[in-house]
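J.:
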Amino acid sequence: MTIAKSLVADRCILLVLSSSLLTCTDKSDVSHENEYPSSCDFLNLVASRGCSAGVAASKSTDDEDWDVLPFKNFLGIQGWMKTPSILKKYKVPHVVLTTMPSVLEHMKDTANYELCRIHELPERVRASAKEPSRNITIVHLSVEEYSEELDACLMALLEEQHESFFGVVKETDLVLPSESRFQSRTLFPLPKQSWAKQNDQYTEANIENHRAMVYAFYAPQQVRPDALTAFDTKEMLEHGGYGIIHASTILKEILFRLGYTPKYGA
């Protein structure tokens, strides 16, 4: 496969914060539970310098899959057949650093996973960020596990690596805003929205019936900032510059920015 010249960045470092602590490896390291981590400097910097979006993830009634389903949506893994993630589908150099054993249990072989303890993450992220190939590093852990040391590591990388793309994806218990709030602003019916396009088909489910996530991203001199001044979940859902997108499109957009895929939707 011929790889196109990178359009934005040489690599991507993406933080994914789960709201679940049910399956983390090291609960003794966790100090408290909250909507936001105790250290948010990296999250706030990405949000204030970059652009943001609300994210719709599919729901499931299967309790066994509940805690990892948004992450499966994000990776583009479909159903129980453990289809390859979009990263493997396009043969993208990558590593998924996770603290959650259930990720390996439910999604084994769908991507290149490494199970890490909380204190190991900063050093492992640093090592991955030094890889010469155009690659993606995904750091997956719970909000409660996110540490001051990891926050400082990601902050330092953002300031050092001006050719890298940085992103933060976070689950939330908030409800996605109804599209009906737009209807009063226009005389015409709204076109089908991008969040509703899933696996090349438009879903008929209302947006409120999806699990909510938020997404902020930044690439130096490449991303037009929206009006956020901090990583504020409610503001991102209501006023994010990218509107509402589906979880499975995040990586597709990033792969396009790195030159691995055509523009999503093209």
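Those letters in the sequence shown? Residues -18 to -1, 1 to 248, by mature numbering (1 follows the signal peptide of the UniProt record, and there is no 0).
Virtual Cβ for every residue (Gly too), placed ideally from N, Cα, C.
#1: Determine the direct distance from the alpha carbon of E113 to that of N39, and round the result to whole angstroms.
#2: Indicate whether the contact test is met: 3 or more Cβ pairs, each with one atom in the stretch 191 to 206 and one in the stretch 135 to 150, closer than 8 Å.
#3: By how many angstroms is the C-alpha of A35 removed from the C-alpha of Q165?
#4: One question on the structure: do V150 and L25 come within less than 8 Å of each other, judged by their Cβ atoms?
#5: Helix or strand or just coil, what does DSSP make of L86?
#6: Express the C-alpha separation of Y128 and P83 in angstroms, rounding to a whole number.
#7: Starting from I232 and walking both ways along the beta strand (DSSP E), at which residues does that stretch end?
#8: Give the secondary structure of R163 by DSSP, where H, G and I count as helix, E and B as strand, and everything else as coil.
#9: Excluding sequence positions up to five away, which residues of its chain have a Cβ less than 8 Å from the Cβ of H76?
#10: What is the DSSP secondary structure of I59, counted as helix, strand or coil?
#11: Note the first and the last residue of the continuous alpha helix (DSSP H) segment covering E105.
#12: So the beta strand (DSSP E) K152 belongs to, where does it begin and stop?
#13: Do E220 and P159 have their C-beta atoms within less than 8 Å of each other?
#14: With DSSP run on the structure shown, which of helix, strand or coil describes F213?
#15: What separation, rounded to the nearest whole angstrom, lies between the Cα atoms of H228 and E102?
#16: Report the three-state DSSP secondary structure of L158 (helix, strand or coil).
#17: Given V107, which residues of its chain have a CB within under 8 Å of its CB, disregarding the five upstream and five downstream residues?
#18: For C(-7), which three-state DSSP category applies?
#19: Look at the alpha carbon of C22 and the alpha carbon of E96, and state the distance between them as a whole number of angstroms.
#20: Determine the contact status of G32 and P244, defining contact as a CB-CB distance below 8 Å.
#21: Can you tell which of V157, P104, H192 and E145 has the C-alpha that lies nearest to the C-alpha of L51?
#22: Considering only the beta carbon of each residue, do V37 and L237 sit closer than 8 Å?
#23: What is the DSSP secondary structure of E96, counted as helix, strand or coil?
#24: On the criterion of 16 or more Cβ atoms from any shown chain inside 10 Å, does S230 qualify as buried, or is it exposed?
T.: According to the structure data:
#1: Here residue 39 corresponds to residue number 57 of the sequence shown, with the count starting at 1. Here residue 113 corresponds to residue number 131 of the sequence shown, with the count starting at 1. In the sequence under discussion, the amino acid at residue 39 is Ala, which differs from the Asn named in the question. Near 31 Å, if we compare the C-alpha coordinates of E113 and A39.
#2: yes
#3: In the sequence shown, residue 165 corresponds to position 183, counting from 1. In the sequence shown, residue 35 corresponds to position 53, counting from 1. Any reading at Q165 must be qualified, since the residue scores a pLDDT of 49, below 50, and its modelled position is unreliable; the value itself is stated next. For Q165 and A35, the distance between alpha carbons rounds to 20 Å.
#4: Position 168 of the sequence shown holds residue 150. Position 43 of the sequence shown holds residue 25. Taking 8 Å as the Cβ cut-off, V150 and L25 qualify as a contacting pair.
#5: Residue mapping note: residue 86 aligns to position 104 of the sequence shown, counting from 1. Correct three-state label for L86: helix.
#6: Position 101 of the sequence shown holds residue 83. Position 146 of the sequence shown holds residue 128. Distance between the alpha carbons of P83 and Y128 is about 17 Å.
#7: The count along the sequence shown starts at 1 and reaches residue 232 at position 250. First-last for I232: T231 to L240, but that is the alpha helix (DSSP H), not the beta strand (DSSP E).
#8: Along the sequence shown, read from residue 1 onward, the residue named residue 163 stands at position 181. Here R163 scores only 48 on pLDDT, less than 50, and its place in the model is too uncertain to base an answer on.
#9: Here the question's residue 76 lines up with position 94 in the sequence shown. If we look at H76 and ignore the five residues flanking it on each side, its Cβ neighbours are L69, A93, N94, N117, I118, T119 and I120.
#10: Residue numbering aside, residue 59 sits at position 77 when the sequence shown is read from its first letter. Three-state DSSP puts I59 in coil, outside helix and strand.
#11: As a position in the sequence shown, residue 105 is number 123, starting the count at 1. Start and end: L103 to A111.
#12: On the sequence shown, position 170 is the one that residue 152 refers to. First-last of the beta strand (DSSP E) with K152: S146 to T154.
#13: Position 238 of the sequence shown, counted from the first residue, corresponds to residue 220. Position 177 of the sequence shown, counted from the first residue, corresponds to residue 159. Contact flag set, yes.
#14: Numbered from its first residue, the sequence shown carries residue 213 at position 231. Coil, per DSSP.
#15: What you label residue 228 is simply residue 246 of the sequence shown in a count that begins at 1. What you label residue 102 is simply residue 120 of the sequence shown in a count that begins at 1. Their Cα atoms are separated by approximately 31 Å.
#16: Here residue 158 refers to the residue found at position 176 of the sequence shown. Coil.
#17: By 1-based counting over the sequence shown, the position of residue 107 is 125. So the list reads I(-6), L79, T119, V121, L132, C135, L136 and L139, once near-sequence residues are dropped.
#18: Indexing the sequence shown from 1 puts residue -7 at position 12. Strand.
#19: Along the sequence shown, read from residue 1 onward, the residue named residue 22 stands at position 40. Along the sequence shown, read from residue 1 onward, the residue named residue 96 stands at position 114. The alpha-carbon atoms of C22 and E96 are separated by roughly 24 Å.
#20: Start at 1 with the first residue of the sequence shown, and residue 32 comes out as number 50. Start at 1 with the first residue of the sequence shown, and residue 244 comes out as number 262. Contact: no.
#21: By one-based count along the sequence shown, residue 51 stands at place 69. Taking only the C-alpha atoms, the option nearest L51 is H192.
#22: To locate residue 37, count along the sequence shown from 1; it is residue 55. To locate residue 237, count along the sequence shown from 1; it is residue 255. No; because the gap between Cβ atoms is not below 8 Å, this pair is not in contact.
#23: Numbered from 1 along the sequence shown, position 114 holds the residue referred to as residue 96. Strand.
#24: Locating residue 230 in the sequence shown gives position 248, where the first residue counts as 1. S230 should be labelled buried.
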